[in-house]
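Residue numbers (the working numbering): 2 to 104.
Glycine included, every Cβ here is placed at the ideal spot set by N, Cα and C.
The structure appears below as structure tokens.
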């Protein structure tokens, strides 16, 4: 999931957040609701925002879904621009993305 941090707020790109599907997978829909429940803002067609105060919870949640094996690696990993610094609390669930992965 493409991510960036501005003023201690983590933004996850709107195209990378999990979609809710009424008849979709229970795991994917649970992942959607779990992320949405700790997001500060999760508007339709907008990047989702996570304040620094929930980053520990976000890390634990992403790690839990990653370890479950039901979702793909890139669905639960935060991908930052090569020039960005990844905060220590997010390092276990984050990486840098290649330039060709840019928008």
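Between the alpha carbons of residue 84 and residue 76, how many angstroms are there, rounded? Taking the straight line joining both Cα atoms gives about 22 Å.
Own chain residues within Cβ distance below 8 Å of residue 47, not counting five before or after: The beta carbon of residue 47 is closer than 8 Å to those of 15 in its chain, skipping five residues each way along the sequence.
Between the alpha carbons of residue 33 and residue 86, how many angstroms are there, rounded? Computed Cα separation, rounded: 26 Å.
The beta strand (DSSP E) that contains residue 72, what's its start and end? No beta strand (DSSP E) contains residue 72, which DSSP labels as neither H nor E.
Distance between residue 60 and residue 90 (C-alpha atoms, nearest Å): Their backbone Cα atoms lie some 7 Å apart in a straight line.
What separation, rounded to the nearest whole angstrom, lies between the Cα atoms of residue 82 and residue 3? Residue 82 and residue 3 have their C-alpha atoms roughly 8 Å apart.
If you reduce the DSSP assignment to three classes, tell me which class residue 50 lands in. Of the three classes helix, strand and coil, the one that applies to residue 50 here is strand, per DSSP.
Buried or exposed: where does residue 80 fall if 16 or more other Cβ atoms within 10 Å of its Cβ makes it buried? So residue 80 ends up on the buried side.
Thinking residue 62 and residue 93 are a contact (beta carbons under 8 Å), I'd like their distance in whole angstroms, please. Contact flag wrong, Cβ pair sits at about 12 Å.
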